[in-house]
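A.B. asks: Chains A and B, in that order, are what the protein sequence lines are.
Just so we're aligned, residue 151 is where the first sequence starts under my numbering, counting upward by one.
Just so we're aligned, residue 10 is where the second sequence starts under my numbering, counting upward by one.
Next up is a structure, given as structure tokens.
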Amino acid sequence: MKELVYLPDVVTLNLCEATCNGCGMCIKVCPHEVFELSGKKAHIVRKDFCMECGACALNCQVKAITVNSGVGCAAGIIGGILNNTEPTCGCSDSKAACC
Amino acid sequence: MKSEYITGNTSVNGEAIPVVSTELNTKDFLGAVMVRWGINRDRYRVNPGIYAVGSPGPGAEVFVSANYKLSFDSLRKNLQGKNGWILVLDTKGVNVWCAAGKGTFGTKELINRINIVNLDKIVSHKRLILPQLGATGVAAFKVKEETGFNVHYGPVRAADIKKFIADGYRADKEMRKVNFSFIDRVKLIPNDFVYGKFYLLAAMAVLFLLSGISAHGFSYRNFQDEGGSAILKVFLAYFAGIVITPIFLPYLPARFFSFKGFYSGTIVFLILLLTRSAGHNLFEILSWFLIITTISSFLAMNFTGSSTYTSLSGVKKEMKISIPLQIGFAFTGIGLQIAEKLIY
Ligand code: SF4
Ligand code: SF4
Chain A
151 MKELVYLPDV VTLNLCEATC NGCGMCIKVC PHEVFELSGK KAHIVRKDFC MECGACALNC
211 QVKAITVNSG VGCAAGIIGG ILNNTEPTCG CSDSKAACC
Chain B
10 MKSEYITGNT SVNGEAIPVV STELNTKDFL GAVMVRWGIN RDRYRVNPGI YAVGSPGPGA
70 EVFVSANYKL SFDSLRKNLQ GKNGWILVLD TKGVNVWCAA GKGTFGTKEL INRINIVNLD
130 KIVSHKRLIL PQLGATGVAA FKVKEETGFN VHYGPVRAAD IKKFIADGYR ADKEMRKVNF
190 SFIDRVKLIP NDFVYGKFYL LAAMAVLFLL SGISAHGFSY RNFQDEGGSA ILKVFLAYFA
250 GIVITPIFLP YLPARFFSFK GFYSGTIVFL ILLLTRSAGH NLFEILSWFL IITTISSFLA
310 MNFTGSSTYT SLSGVKKEMK ISIPLQIGFA FTGIGLQIAE KLIY
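Structure (structure tokens):
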């Protein structure tokens with residue numbers, strides 16, 4: 151099956167290759183194969199596939215990755231605006247669909 | 010109350026650790042079906058702590074899970090024939106991915122739980138296997154610093170665990186990747202269907218009321234003649250947004266979910282048009298087109314939350330463009346509807 155990709159050129163993912171130590175952790179945790187390792191450095195190769203989950207940035211020990219992470223969920227964003235909080239999905243309450 | 014999946018106890022350093030079955034029974038299946046339909050979701054939890062599978066010794070692997078029973082069930086089922094430990098984190102009954110996003114399946118809770126159960130007294134090694142999707146909440150290097158345990162991210166799907174173990178604790182590319190297959194999407198439908206019921210009832214109520222309007226105020230005859238068909242149309246629009254959109258997601262020619270929903274709403278509208286049930290005159294037909302596509306589009310947009318490839322920045326962009334359009338469509342549609350009733 152063709153892999154789904156959302157919107158082009160919106161993702162906030164950034165990688166500072168100079169800081170990267172080539173540990174490969176970001177590659178292990180990314181669910182969308184966004185990174186590749188070559189020449190002892192990680193590279194972003196499929197940026198538009200990134201869903202801004204934040205796993206890579208959180209697991210990069212040298213903080214080479216930044217991403218404005220959060221749930222890509224319209225209901226969560228609406229809820230966030232209404233309650234004046236960060237977008238969150240209503241996973242924990244009984245009615246909610248899950249993000 | 011003793012849970013049915015606990016088959017006995019094993020004693021480690023004088024402490025009893027519950028042993029769990031790797032067979033799911035009818036009750037587990039029924040429970041899973043109910044959860045998918047949004048019933049009893051809150052009570053579908055496992056107590057956090059340590060569990061044994063088979064008869065594990067100090068060298069057996071430790072698998073980390075959420076205390077959402079479906080996550081726990083799919084893990085134990087896939088450990089059939091193995092000896093191992095399951096460390097259940099307190100994620101407030103939420104599955105791994107959601108909980109990781111919220112931080113409840115997180116670094117702090119994992120460190121806490123390791124200490125509470127005295128994991129270093131139970132096993133002699135320093136290896137933890139986490140579902141890969143937990144990485145959104147867990148910083149492996151911090152867990153290592155605080156507890157000495159090495160976090161290994163396993164496959165995304167519990168079904169790949171056996172292969173992961175057989176391959177020497179290596180998750181290959183496919184195991185690491187999140188898909189959003191037809192089956193994945195269909196599984197989400199019941200829950201979304203139930204979740205949106207308030208939108209559905211509200212929209213039905215509004216359009217039912219509108220159907221009663223006539224040039225002489227509300228008319229019973231109009232309710233009788235038009236009310237039922239108005240409710241049906243709203244239901245079809247709901248169906249388009251919540252069922253047709255996810256099913257045909259990759260084939261609806263748009264990137265925005267809201268536009269995908271617009272298309273599936275259009276399909277429903279065309280069916281109504283072809284069966285001559287879209288309205289009696291141009292005004293009414295146009296108003297139903299606008300209303301049906303708005304409802305479907307709005308609900309489809311909410312499906313971004315269930316999908317596994319939409320980013321926060323992307324959804325924000327989509328909403329910025331779509332919501333004004335949806336509001337415009339909805340007001341024009343309702344306006345036409347009222348105008349039509351007053352004129353004809
Ligand atoms: S996790 Fe960080 S340091 Fe390691 S390869 Fe990725 S970017 Fe480089
Ligand atoms: S934010 Fe998530 S999807 Fe995006 S690159 Fe990092 S791990 Fe991959």
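The beta carbon of each residue, even a glycine, is placed where N, CA and C say it ideally should be.
The structure presented is a predicted model; accordingly, all values stated were derived computationally and were not measured.
Between the Cα of A61 of chain B and those of B:S20, B:S223, B:W297 and B:F244, spot the shortest distance and give me the residue it belongs to.
C.D. replies: The shortest Cα separation from A61 of chain B among B:S20, B:S223, B:W297 and B:F244 belongs to B:S20.
A.B. asks: Going by beta carbon distance, what residues of the same chain come within less than 6 Å of D243 of chain A, once the five residues before and after it are set aside?
C.D. replies: Its pLDDT being 35, under 50, D243 of chain A is placed unreliably by the model, and the measurement read from it follows with that caveat. Within the same chain, D243 of chain A has no close Cβ partners at all.
A.B. asks: Which residues in the same chain have their Cβ closer than 6 Å to the Cβ of I131 of chain B, if we skip the five residues on either side of it in sequence?
C.D. replies: Here the set comprises V21.
A.B. asks: Is it the case that the CB of L259 of chain A approaches a heavy atom of ligand 2 more closely than 7 Å?
C.D. replies: Nothing can be reported for residue 259 of chain A, as the shown portion of chain A is limited to 151 through 249.
A.B. asks: Rounded to whole angstroms, what is the Cα-Cα separation between A214 of chain A and L163 of chain A?
C.D. replies: Cα to Cα, the separation comes out at about 11 Å.
A.B. asks: What do you get for Y162 of chain B, buried or exposed, if any count of 16 or more other CB atoms within 10 angstroms of its CB means buried?
C.D. replies: The residue in question, Y162 of chain B, is buried, as its Cβ has 16 or more Cβ neighbours within 10 Å.
A.B. asks: Look at the alpha carbon of K91 of chain B and the alpha carbon of A207 of chain A, and state the distance between them as a whole number of angstroms.
C.D. replies: K91 of chain B and A207 of chain A: Cα-Cα distance of roughly 34 Å.
A.B. asks: According to a CB-to-CB cut-off of less than 8 Å, which residues of the stretch 127-156 of chain B neighbour chain A?
C.D. replies: Per Cβ criterion, the list reads Q141, L142, A144, T145, G146, V147, A148, A149 and F150.
A.B. asks: At the level of alpha carbons, what is the spacing between A251 of chain A and G270 of chain B?
C.D. replies: Lying before the first or after the last residue shown, residue 251 of chain A is absent from chain A, which here runs from 151 to 249.
A.B. asks: Could you check where the alpha helix (DSSP H) with Y272 of chain B kicks off and where it finishes?
C.D. replies: Looking at the DSSP string, the run of the alpha helix (DSSP H) that includes Y272 of chain B is F266 to L283.
A.B. asks: Is any beta-carbon of chain A found at less than 8 Å from that of I336 of chain B?
C.D. replies: Judged by the 8 Å Cβ criterion, I336 of chain B is not in contact with chain A.
A.B. asks: State buried or exposed for G226 of chain B, treating a residue as buried only when at least 16 other CB atoms are found within 10 Å of its CB.
C.D. replies: Burial call: exposed.
A.B. asks: With a 10 Å radius around its C-beta and 16 neighbouring C-beta atoms as the bar for buried, classify S315 of chain B as buried or exposed.
C.D. replies: Flag for S315 of chain B reads buried.
A.B. asks: For A348 of chain B, which residues of its own chain have a beta-carbon under 8 Å away from its beta-carbon, when the five flanking residues on both sides are left out?
C.D. replies: Around A348 of chain B: F292.
A.B. asks: How big is the Cα-Cα spacing for C223 of chain A and G344 of chain B?
C.D. replies: Using only the alpha carbons, I get a separation of about 30 Å.
A.B. asks: If you run the structure through DSSP and keep just helix, strand and coil, what is F227 of chain B?
C.D. replies: Reduced to three states, the DSSP call for F227 of chain B is strand.
A.B. asks: Between N188 of chain B and A339 of chain B, what straight-line distance do the alpha-carbon atoms span, to the nearest angstrom?
C.D. replies: Looking at the two C-alpha atoms, the distance is approximately 34 Å.
A.B. asks: Between which two residues does the beta strand (DSSP E) harbouring F185 of chain A extend?
C.D. replies: F185 of chain A -> beta strand (DSSP E) spans F185 to S188.
A.B. asks: Do three or more CB pairs link the stretch 57-73 of chain B to the stretch 28-40 of chain B at distances below 8 Å?
C.D. replies: With the cut-off at 8 Å, the stretch 57-73 of chain B and the stretch 28-40 of chain B touch.
A.B. asks: May I ask whether a heavy atom of ligand 1 can be found less than 7 Å away from the beta carbon of N171 of chain A?
C.D. replies: Result yes, Cβ under 7 Å from ligand 1.
A.B. asks: Indicate the three-state DSSP secondary structure (helix, strand or coil) for E153 of chain A in the structure shown.
C.D. replies: Residue state, collapsed to three classes: coil.
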